Every structure is written in C-alpha cells, then in structure tokens.
Amino acid sequence: MVDRYSRQVLFRGIGEEGQRRLGKSCVVIIGCGALGTIIATSLVRAGVGKVRIIDRDFIEYHNLQRQLLFDEDDIRNQLPKAIAAERHLKKVNSSVEVEGIVADVNYTNIERFIRDADIILDGLDNFETRFLINDVSLKHKIPWVYGGAISSSGMTMNIIPGETPCFRCISYTVPYPQVVLTCDTAGVISPAPFIIGSLESVEAMKIVVGAEEINRELIIIDVWKGTFHHFKIRPNENCPTCQGKYEFLDGKFGIRTTSLCGQNAVQVLNPKGGELSFKELAARLKVVGKVTYNEFMLHFTIDSQEMVIFHDGRAIVKNTTDESLARGLYAKYIGI
Ligand SMILES: [Zn+2]
C-alpha cells in the first residue's frame with residue numbers, strides 16, 4: 500500500500516508516521532450531500548482506516564450538480580445517499596472500511612454512531628443536528644469540524660473540546676427558519692461546498708496526524724467574490740454546552756417533523772421506533788395507491804401525494820412543506 504500513498508507520504512506534514520495514524524483513524528461523516536461527498540472522497544483516497552457515513556436522504560437529479568459521488572444510475576436504482584456513497588467509495592479504495600448508514604441522526608441515536616470516532620465531520624444542511632454534534636463532541640471529547648455552504652459562500656471551523664470555543668459559543672441558539680438561507684431559497688454553486696469540504700478534509704487530516712498547524716479560527720469564503728477571511732472567535736462565558744449542559748443531546752430541543760432543505764418535502768420520524776416490513780406495508784398500501792420498493796426504500800403514491808418510507812419507519816412526504824399535512828398522511832397510511 501506504500502505506492503498508493505507515496506505522494507502523500509512525501510509531503511512533510513504527513514510522512515510515514517502521519518500515514519500510519521491516518522490508517523488507524525475512524526472518521527464519522529454526518530450528512531452526505533455536496534460537503535459529505537467531497538470529504539468522504541478525500542479521506543477514503545487519503546487512506547483513513549474507517550469511514551462511517553450517515554445520511555437520511557435519497558438521491559435526486561438536482562443533487563448531481565454538486566454531489567460528486569453520485570450518478571444517474573444511483574437515481575435509477577433508487578439508492579439512499581449513504582448506500583450509494585458506500586458502494587462508490589469501496590471501489591475507490593478497498594482497503595478502507597466504509598460503512599454507509601441510512602438514518603436520521605437525532606438525540607436518541609447519535610452516541611451510537613460516534614462511539615469509536617476519532618473525528619466527526621459536518622456534511623449537514625441544518626442547524627439542529629450541528630448543535631447535537633456539538634453536544635456529543637464536548638461530552639465525549641471528540642473533535643469535530645463544522646462546515647456549511649450556501650449560494651457562493653461557506654464557512655468552516657474546528658471545534659476541539661477543551662481547546663477552542665464550541666459551536667454554540669458562536670451561535671447561542673438555533674436560528675429561526677426564516678432567517679436561515681437554504682439551498683432551496685438561495686441556491687448553491689458547486690465550488691463553494693467543494694472548497695469548504697476540502698478545508699474540512701485537510702483539517703481532519705491535521706487533527707488525526709497531530710499537526711501543529713490546526714486552524715483555530717472561523718474561516719468564511721465567497722467563491723464568486725473570490726474572498727477568504729479568518730475570524731478569531733472568543734469563548735462565550737454563557738455557553739451552556741461549555742458548562743457541561745448538553746441540552747440538544749438531552750432531547751430538550753428535539754423535533755419530530757422536519758422540513759427538508761430545498762426539497763419541498765417534510766420528514767416524519769417513526770414515533771414508535773423499530774423496523775418496518777416493506778412486504779407487509781406494501782400489501783396494505785397497494786390497495787389504495789401505487790407502491791414500489793427495493794431493499795432500502797418504499798415509494799408510495801396516492802393522488803398527488805408521494806411518500807418515501809425507510810426501514811426505520813421514517814417517511815419523507817414530498818411536494819409539501821406543511822408539517823401537519825405530512826404528519827396526517829403518515830398517521831393515515833403508515834399508522835402510529
Ligand atoms: Zn461553547
């Protein structure tokens with residue numbers, strides 16, 4: 500395997516010892532859109548030991564403009580992002596253990612996903628889950644790299660427990676949905692997430708190999724304007740997370756229905772927990788509408804309503820942003 504990594508080992512910041520450390524590391528990537536696919540591609544090619552990718556979504560045509568790992572076959576095969584990513588990445592580097600998990604990361608399951616992580620990387624499109632990552636990061640003393648991109652801009656920062664301010668220090672509360680831009684309202688051009696994803700990847704490498712040059716500032720870029728700025732962030736004395744209060748992890752701010760970023764869709768979580776049998780559900784639903792399913796997802800269409808249902812009972816109700824309508828459809832057809 501020396502040849503595969505020879506150019507990286509030659510780089511003085513990595514060297515043989517750095518490569519060894521990379522090879523032993525476990526990296527957890529939460530969210531596999533534009534950022535996640537860039538981060539996963541870089542780190543799997545760089546030869547980390549293990550990559551776990553968790554994503555709740557499936558692939559659509561409007562993703563292909565910027566989500567580098569996916570192609571039209573993945574859409575035809577109706578693959579969830581985590582599964583498609585796992586399959587592509589295993590072809591890129593079979594020596595890396597790649598694990599794709601189709602799940603909605605929330606306070607009930609996040610600790611299970613990060614238990615063996617050396618680092619957590621942010622490939623998300625929503626703030627709630629970032630606060631959750633921030634809580635587990637500080638609680639379990641696992642560094643995480645925050646990153647976000649929208650329109651032509653993006654930002655990133657390393658959160659190293661006990662060393663840097665945390666994510667909640669920067670943004671004390673979850674922003675109101677109206678003031679947060681989404682890929683649906685503001686659009687996004689691929690170089691913005693490509694650069695932020697690349698910065699997240701290199702910070703992950705530095706943290707894993709123990710480099711001194713780790714970034715300790717907030718970086719904000721705009722690829723259209725061609726700007727790149729660093730900002731020093733001070734710890735917030737009133738930050739609950741820094742004081743050991745993990746309010747997101749405690750489920751205090753947990754939500755059961757989510758409008759999905761830029762998709763005109765609502766996600767409904769399974770209130771009961773547990774696994775669904777697609778065979779049984781399909782038998783029940785085909786009486787009232789059109790049903791197709793594969794081993795990962797079940798598609799159900801009735802009149803103008805369309806739902807995608809996963810094994811964990813989670814559903815994505817398409818063509819609506821009305822959360823109560825989505826909850827109603829879920830109750831009616833999936834049952835609670
Ligand atoms: Zn803090």
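Note that our numbering has the sequence shown beginning at 500, numbered continuously upward.
Backbone N, C-alpha and C fix where the C-beta goes; we use that ideal spot for every residue, glycine too.
Here the structure is a predicted model, which means the values were calculated and not measured.
Between the alpha carbons of R614 and I833 lies a distance of about 32 Å.
Note on geometry: alpha-carbon atoms of G522 and K549 lie some 8 Å from one another. Annotation for E598: no alpha helix (DSSP H) segment contains it, though the beta strand (DSSP E) segment containing it runs 596 to 601.
Sixteen is the threshold: since fewer than 16 other Cβ atoms of the shown chains lie within 10 Å of the Cβ of T726, the residue is exposed.
Around the beta carbon of E702, a 10 Å sphere encloses 16 or more other beta carbons of the protein chains shown; the residue is thus reported as buried.
The C-alpha of L780 lies about 38 Å from the C-alpha of A648. The residue among V708, L623, G514, R575 with its C-alpha nearest the C-alpha of I537 is L623. Judged by their CB atoms, L824 and G696 are not nearer to each other than the 8 Å cut-off.
DSSP places H729 inside the beta strand (DSSP E), whose first and last residues are 726 to 730. F747 sits in coil when the DSSP states are folded into three classes, being neither helix nor strand.
Proximity of the beta carbon of P664 to ligand 1 is indicated: a heavy atom of the ligand is located closer than 7 Å. The three-state secondary structure of E515, taken from DSSP, is helix. Of the other Cβ atoms in all chains shown, fewer than 16 fall within 10 Å of the Cβ of P734; this residue is therefore exposed.
Between L637 and the set R565, C665, L698, D821, the nearest pair of CA atoms involves C665.
Listed in chain order, the non-local C-beta contacts of H587 below 6 Å within the same chain comprise L568, local neighbours out to five positions each way being set aside. At least one heavy atom of ligand 1 falls within 7 Å of the beta-carbon of R667. Per DSSP, K817 lies in no alpha helix (DSSP H) segment; the continuous beta strand (DSSP E) that holds it begins and ends at 814 to 817.
The continuous alpha helix (DSSP H) containing G827 extends over residues 822 to 832. Between I641 and I619, the gap from beta carbon to beta carbon is short of 8 Å. Rounded to whole angstroms, the gap between the alpha carbons of D572 and I582 is 13 Å.
For the pair F795 and P690, the Cα-to-Cα distance works out to about 31 Å.
Secondary structure of R733 (DSSP, three-state): coil.
Sorting D811, H810, M806 by C-alpha distance to the C-alpha of G827 places M806 at the top. Exclusion of P690 from the 7 Å shell around ligand 1 follows from its C-beta lying no nearer than that to any non-hydrogen atom of the ligand.
Listed in chain order, the non-local C-beta contacts of E822 below 6 Å within the same chain comprise T756, V765, local neighbours out to five positions each way being set aside. Residue nearest to I732 within the set V527, C531, K831, T663 is T663 (criterion: CA-CA distance). With respect to the 8 Å criterion, L784 and Y606 are not classified as neighbours on the basis of their beta carbons.
Within the stretch 534 to 573, the beta strand (DSSP E) runs of at least 3 residues that lie entirely inside it are, in chain order, 549 to 554. In the DSSP assignment, C525 falls within the beta strand (DSSP E) that extends over 525 to 529.
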